[in-house]
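Here is the structure we will look at.
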Amino acid sequence: MITVKGFSYWYPGEEEPALEKIDLTIPQGQFCGVVGANGAGKSTLCSALSGFVPHFFHGEFEGEVRIDKHMVAQTPLGELAGEVGLVFQNPFNQIGGARFTVREEIAFGLENLGLSKKEMETRIAEVLDLVGIEELADRSPFALSGGQQQRVALASILAMQPKVLVLDEPTAQLDPRSTEDVFSALRGLVQRAETTVVMVEHKLEWLADFVDRVIALDRGRIELDDSPTKVLSSPRMVKMGIGRTQYTETAAAAKRGKLKLRPKILPVTLDQARTFFR
Amino acid sequence: MQRSTLFIQGDRGLYRLHPLSKLAITGFLLVAAGTAPNLSLLLLGYLLLLLPLAVWSGLLHPFLKSSLLVITPFVISLAVIQGFFTPGQIILLQLGPFTFTLEGLLSGLTVAGRILLALGGTLLLMLSTRPDHLMLSLTQHGLPSSLAYIVLTSLQIFPRFQDRARVIMDAQQARGLEMRVNPLKRMRLLVPLMGPLILGSIVDVEERAMALEARAFSRSGPKSSLIVLRDSFPQRALRGLLLLGMLSLIAWRIWAVFSL
Amino acid sequence: MNGLRKEFTTFSIALMAVGIALNIGAGQIPRLVGLPLYLDSIGTVLVGVLVGPWAGAVTGFLANLVWTMTGLFPQAFAWAGVAAIIGVLAAVFGRAGWLQTFGRSALAGLITGIVAAVLSAPIAAYVFGGVTGSGTDVLVGVFRAAGLDMLGANMAQGVVSDPLDKMITFVLVWAVLLALPERFKARFGSAVSKRTTRSARRTSRRRR
Numbered sequence: 002m003i004t005v006k007g008f009s010y011w012y013p014g015e016e017e018p019a020l021e022k023i024d025l026t027i028p029q030g031q032f033c034g035v036v037g038a039n040g041a042g043k044s045t046l047c048s049a050l051s052g053f054v055p056h057f058f059h060g061e062f063e064g065e066v067r068i069d070k071h072m073v074a075q076t077p078l079g080e081l082a083g084e085v086g087l088v089f090q091n092p093f094n095q096i097g098g099a100r101f102t103v104r105e106e107i108a109f110g111l112e113n114l115g116l117s118k119k120e121m122e123t124r125i126a127e128v129l130d131l132v133g134i135e136e137l138a139d140r141s142p143f144a145l146s147g148g149q150q151q152r153v154a155l156a157s158i159l160a161m162q163p164k165v166l167v168l169d170e171p172t173a174q175l176d177p178r179s180t181e182d183v184f185s186a187l188r189g190l191v192q193r194a195e196t197t198v199v200m201v202e203h204k205l206e207w208l209a210d211f212v213d214r215v216i217a218l219d220r221g222r223i224e225l226d227d228s229p230t231k232v233l234s235s236p237r238m239v240k241m242g243i244g245r246t247q248y249t250e251t252a253a254a255a256k257r258g259k260l261k262l263r264p265k266i267l268p269v270t271l272d273q274a275r276t277f278f279r
Numbered sequence: 033m034q035r036s037t038l039f040i041q042g043d044r045g046l047y048r049l050h051p052l053s054k055l056a057i058t059g060f061l062l063v064a065a066g067t068a069p070n071l072s073l074l075l076l077g078y079l080l081l082l083l084p085l086a087v088w089s090g091l092l093h094p095f096l097k098s099s100l101l102v103i104t105p106f107v108i109s110l111a112v113i114q115g116f117f118t119p120g121q122i123i124l125l126q127l128g129p130f131t132f133t134l135e136g137l138l139s140g141l142t143v144a145g146r147i148l149l150a151l152g153g154t155l156l157l158m159l160s161t162r163p164d165h166l167m168l169s170l171t172q173h174g175l176p177s178s179l180a181y182i183v184l185t186s187l188q189i190f191p192r193f194q195d196r197a198r199v200i201m202d203a204q205q206a207r208g209l210e211m212r213v214n215p216l217k218r219m220r221l222l223v224p225l226m227g228p229l230i231l232g233s234i235v236d237v238e239e240r241a242m243a244l245e246a247r248a249f250s251r252s253g254p255k256s257s258l259i260v261l262r263d264s265f266p267q268r269a270l271r272g273l274l275l276l277g278m279l280s281l282i283a284w285r286i287w288a289v290f291s292l
Numbered sequence: 115m116n117g118l119r120k121e122f123t124t125f126s127i128a129l130m131a132v133g134i135a136l137n138i139g140a141g142q143i144p145r146l147v148g149l150p151l152y153l154d155s156i157g158t159v160l161v162g163v164l165v166g167p168w169a170g171a172v173t174g175f176l177a178n179l180v181w182t183m184t185g186l187f188p189q190a191f192a193w194a195g196v197a198a199i200i201g202v203l204a205a206v207f208g209r210a211g212w213l214q215t216f217g218r219s220a221l222a223g224l225i226t227g228i229v230a231a232v233l234s235a236p237i238a239a240y241v242f243g244g245v246t247g248s249g250t251d252v253l254v255g256v257f258r259a260a261g262l263d264m265l266g267a268n269m270a271q272g273v274v275s276d277p278l279d280k281m282i283t284f285v286l287v288w289a290v291l292l293a294l295p296e297r298f299k300a301r302f303g304s305a306v307s308k309r310t311t312r313s314a315r316r317t318s319r320r321r322r
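Residue numbers (my numbering), protein chains in the order written: chain A, 2 to 279; chain B, 33 to 292; chain C, 115 to 322.
This is the structure we're talking about:
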């Protein structure tokens, strides 16, 4: 479980806080989406949950972030890495293990955790299956496409069996096909509902289908925190510069055009849109 | 791995040896190359030690090819420079005030022989050993894992920098950047050509470091290994013998110098 | 030894790997532009300046080992020690603040180049019989013909080519430091500009 209480953070040398008085409780197993305009603090939130703020970026902070029994600010990154996993945008920079095959790349984190060879092999097989990359197991990670590398990065983090998985725009640099592959891989994880997942995503259509809850950030503060339908259809999304899904926009335009449509809440997914327009 | 290192896949001969054994062989050859007293012994070393090892491992062709590539410029430079400028009696060629002597030629070829044996040993090691296996064997014997990481990662990412270099070059040429200007202007061009590449790579380092942290890189405590390197008592004995051999050769050479 | 530990953070370790890749991958760019230079210590100097002497030394040393492993220049490992010293010198000049102006950067490069040439010459002379196996051997031959002995000819050849490429390297690092985004400057110590930004001054007034 993630508990954030009154958390504010300033990057070194900055006068304005990147995050301001964040209060958040995310129960174990929840899949939480995070949206916001550029500079709203989404990446900083990801860093705060995974300990990079303050351990890696330094700077100043107030309040507390707690993951289960760990106070993030007091736990060194080396220890936190086993509890919280972080996947971010650039696939190439995350192939970090200096290993020559995907299998060994996945093992890199496990070796740092000191696991036995047998345990590592079990976890690697599991994660290759979960993420759907068995056919890549013996290939060089550097010879893969961006989408494939991103899935390897995801697999490498999942193999460490973190209680919390944080994803910072994992598909931002990927083409539509690769985006689909990554989301498919996440679907398997979602079905298990063992890991708490926090995902920052701009592709709102994709997000709406996956998450239990959406948090909208604006200028370092949480402005909206509710179910995907309520948040993503809210007109405040437009005001905050985030935008809405194409289904929502179409429905909103239809409503403005005085079409006779009954439901008050605008659709955010394809299925909801179908119902809405009936 | 294919693009960035000498390593060629294989499973015979040297491939079955523990990396440290191969390192010991290379070390011994380096010392032998430095201490052998004449050209004949050096050539014998190449023919009777290096070539059979290459054949045993199925590497004869790549080994000969890379040996030739490495040694040819040395042979040429050494033969010419030492042939002309090392003092000697037996004149083979006279070019104006410069004499090309047999002693000079032999002296140059002897140095070439040393280089052949030394670099030959190095090449054989690189051809038959996976860099990550080599690094693993060293970390298991005390090398800090951060150093192993640096070596292996740089090996994997430098081709990308070579590619980026080409892309920058092509982009600049497309923008009509005149390449045939005088050298001074070309030197000033280096800043806009290389500056962004370097700057971008520093920014990337931050993400790379974050990815490392996310894999518990800075965790204190023992690390394990998925790869298991096969070792054996005969190999350990061989390494001990080779080490002894190296020390003996060095001691003999020092003694030989002092007793003159 | 505490300085050693401080220099080996996860960030600087990643930087060292990238530094070596720069040496090998980007060092050839001048050649692509038609200049007879290799900026093969650009990464070493960068790491030395940004992190410190131990990091610079390790980068230089390992860079030459890695270069040998690539097969592009198998004799590179013979100069690993010299490369380490270049890294140390870069750190020394960095900490002395020389990398903050163009003029002193160029001078730092000149001095480093001369030191590198003087240290490399004995290796070429006594290990490799007075040659390096590359195109500069023509120059060595010319110097021998002029009457210099083996060591002298190698030193003369080094002094002609090394300082220039080191000068360009140091100036390039100066330019990169100028353009370095503000948030990175906090990571690197006294080598980068000591000018604090307006917002940094405001921060110290804002809180407490």
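The beta-carbon is built from N, C-alpha and C at its ideal position, and this holds for glycine as well.
Residue-level contact to chain A via CB, E245 (chain B), 7 Å cutoff: Against the second sequence, residue 245 (chain B) aligns to sequence position 213. Interface residue, yes.
Shorter than 6 Å, the distance from the beta carbon of S256 (chain B) to the closest heavy atom of the ligand SAM, or not? Absence of the ligand SAM from the depicted structure is noted, as is the absence of any ligand whatsoever, leaving it without description.
CB-CB under 6 Å to S313 (chain C), same chain, minus the five flanking residues each way: which ones, in chain order? Counting from 1 along the third sequence, the entry for residue 313 (chain C) is found at position 199. No answer about S313 (chain C) holds up, because its pLDDT of 44 lies below 50 and its placement is not dependable.
From T161 (chain B) to D139 (chain A), what does the alpha carbon distance come to, in whole angstroms? On the second sequence, residue 161 (chain B) is found 129 positions in, with the first residue counted as 1. On the first sequence, residue 139 (chain A) is found 138 positions in, with the first residue counted as 1. C-alpha separation (whole angstroms): 18 Å.
What would DSSP say about Q192 (chain A), mapped onto helix, strand or coil? Working through the first sequence from its first residue, we reach residue 192 (chain A) at position 191. Three-state DSSP puts Q192 (chain A) in a helix.
Contacts of K118 (chain A) in chain B (Cβ-Cβ under 8 Å): Within the first sequence, numbered from 1, the residue matching residue 118 (chain A) stands at position 117. Simply S256, S257, L258 and V260.
Establish whether the CB of F109 (chain A) and some CB of chain B are separated by less than 7 Å. To locate residue 109 (chain A), count along the first sequence from 1; it is residue 108. Output row for F109 (chain A): interface = yes.
Interface partners of A197 (chain B) on chain C, CB under 8 Å: As a first step, residue 197 (chain B) is located in the second sequence; it is residue number 165 there, counting from the start. The answer, in chain order, is G139, A140, Q142, I143 and L146.
What are the boundary residues of the alpha helix (DSSP H) that W287 (chain B) is part of? Your numbering for residue 287 (chain B) matches position 255 in the second sequence. F265 to F290 is the extent of the alpha helix (DSSP H) around W287 (chain B).
Cα-Cα separation, S87 (chain A) to L146 (chain C): Against the first sequence, residue 87 (chain A) aligns to sequence position 86. Against the third sequence, residue 146 (chain C) aligns to sequence position 32. Here residue 87 (chain A) turns out to be Leu, not Ser, going by the sequence shown. Cα to Cα, the separation comes out at about 40 Å.
Which of the residues in the region 208 to 226 of chain A, read from start to end, lie with their CB under 8 Å from any CB of chain C? none
Under the DSSP definition of a beta bridge, which residues are partnered with A217 (chain A)? As a first step, residue 217 (chain A) must be located in the first sequence, where it is residue number 216. According to DSSP, which records beta bridges pairwise, A217 (chain A) is partnered with A:V36 and A:L225.
Does any C-beta atom of chain A lie closer than 7 Å to the C-beta of D164 (chain B)? As a working mapping, residue 164 (chain B) is identified with position 132 in the second sequence. Judged by the 7 Å Cβ criterion, D164 (chain B) is in contact with chain A.
Following the continuous beta strand (DSSP E) through S89 (chain B), name the residue where it begins and the one where it ends. The residue given as residue 89 (chain B) occupies position 57 in the second sequence. Unbroken run through S89 (chain B): none, as it is neither H nor E.
Compare the beta carbon distance of V36 (chain A) and I243 (chain A) with 7 Å and say whether it is the shorter of the two. By 1-based counting over the first sequence, the position of residue 36 (chain A) is 35. By 1-based counting over the first sequence, the position of residue 243 (chain A) is 242. Yes, the Cβ-Cβ distance between V36 (chain A) and I243 (chain A) is below 7 Å.
Among B:W88, B:Q126, B:L101 and B:P51, the one whose alpha carbon lies nearest that of I147 (chain B): Here residue 147 (chain B) is taken as the residue at index 115 of the second sequence, counted from 1. Answer by Cα proximity: B:L101.
Leaving aside the five residues before and after A222 (chain C) along the sequence, list all residues of the same chain whose C-beta is less than 6 Å from its C-beta, in chain order. Position 108 of the third sequence holds residue 222 (chain C). Answer for A222 (chain C): F207, W212 and F284, listed in chain order.
Hey, is F216 (chain C)'s beta-carbon within less than 7 Å of any beta-carbon in chain B? Stepping through the third sequence from its first residue, residue 216 (chain C) is reached at position 102. Not closer than 7 Å to any Cβ of chain B, the Cβ of F216 (chain C) fails to qualify, so no.
Same chain, Cβ closer than 6 Å to S177 (chain B), five either side skipped, listed in chain order: Within the second sequence, the letter at position 145 stands for residue 177 (chain B). Here the set comprises T171.
So with Cβ pairs under 7 Å, would you call M278 (chain B) a contact of chain C? In the second sequence, residue 278 (chain B) corresponds to position 246, counting from 1. With 7 Å as the cut-off, M278 (chain B) does not count as an interface residue toward chain C.
Is P171 (chain A) close to chain C, meaning its C-beta is less than 7 Å from at least one C-beta of that chain? Numbered from 1 along the first sequence, position 170 holds the residue referred to as residue 171 (chain A). No, P171 (chain A) does not count as interfacial toward chain C.
Which term fits W168 (chain C), buried or exposed, when burial requires 16 or more other beta carbons within 10 angstroms of its beta carbon? The residue labelled residue 168 (chain C) in the question sits at position 54 within the third sequence. Its Cβ being crowded by 16 or more others within 10 Å, W168 (chain C) is buried.
Which stretch, first to last residue, makes up the alpha helix (DSSP H) that contains T251 (chain A)? Residue 251 (chain A) sits at position 250 when you count from the first residue of the first sequence. Run containing T251 (chain A): Q247 to R257, per the alpha helix (DSSP H) assignment.
Which stretch, first to last residue, makes up the beta strand (DSSP E) that contains T26 (chain A)? Along the first sequence, read from residue 1 onward, the residue named residue 26 (chain A) stands at position 25. L20 to I27 is the span of the beta strand (DSSP E), which, as asked, contains T26 (chain A).
Taking C-beta pairs closer than 8 Å, name the residues in chain B that T182 (chain C) reaches, listed in chain order. Here the question's residue 182 (chain C) lines up with position 68 in the third sequence. Result: T154 and M158.
If you run the structure through DSSP and keep just helix, strand and coil, what is D279 (chain C)? The sequence position of residue 279 (chain C) within the third sequence is 165, counting from 1. Correct three-state label for D279 (chain C): helix.
T310 (chain C) by DSSP, collapsed to three states: which one? Taking the third sequence and counting its residues from 1, the one referred to as residue 310 (chain C) is at position 196. With a pLDDT of 44 at T310 (chain C), under the threshold of 50, the modelled position of this residue cannot be trusted; read the value that follows with caution. Of the three classes helix, strand and coil, the one that applies to T310 (chain C) here is coil, per DSSP.
Test: A259 (chain C) CB closer than 7 Å to a CB of chain A: One-based indexing of the third sequence puts residue 259 (chain C) at position 145. Chain A contact via Cβ: absent.
Distance, Cα to Cα, A64 (chain B) vs V241 (chain C)? As a working note, residue 64 (chain B) is residue 32 in the second sequence. As a working note, residue 241 (chain C) is residue 127 in the third sequence. Between A64 (chain B) and V241 (chain C), the C-alpha separation is close to 13 Å.
Cutoff 7 Å: P236 (chain C) Cβ touching any chain D Cβ: In the structure shown, chain D does not exist; the protein chains are A, B and C.
Measuring CB to CB, does D279 (chain C) end up less than 7 Å from L151 (chain C)? One-based indexing of the third sequence puts residue 279 (chain C) at position 165. One-based indexing of the third sequence puts residue 151 (chain C) at position 37. Cβ distance < 7 Å, so D279 (chain C) and L151 (chain C) count as in contact.
Contact set between A82 (chain A) and chain B, taken where Cβ atoms lie within less than 7 Å: Stepping through the first sequence from its first residue, residue 82 (chain A) is reached at position 81. Within 7 Å Cβ-Cβ: E245, A246, R247, A248 and R251.
Name the chain B residues that come within less than 7 Å of M130 (chain C), Cβ to Cβ? For this step, residue 130 (chain C) is matched to residue 16 along the third sequence. I182, listed in chain order.
Does D169 (chain A) come out as helix, strand or coil in the three-state DSSP assignment? On the first sequence, residue 169 (chain A) is found 168 positions in, with the first residue counted as 1. Correct three-state label for D169 (chain A): strand.
For chain C, find out if any of its Cβ atoms is closer than 7 Å to the Cβ of V237 (chain B); answer yes or no. Indexing the second sequence from 1 puts residue 237 (chain B) at position 205. Chain C contact via Cβ: present.
Using DSSP with H/G/I as helix, E/B as strand and the rest coil, what is R192 (chain B)? Position 160 of the second sequence holds residue 192 (chain B). In this structure, R192 (chain B) counts as helix in the three-state DSSP scheme.
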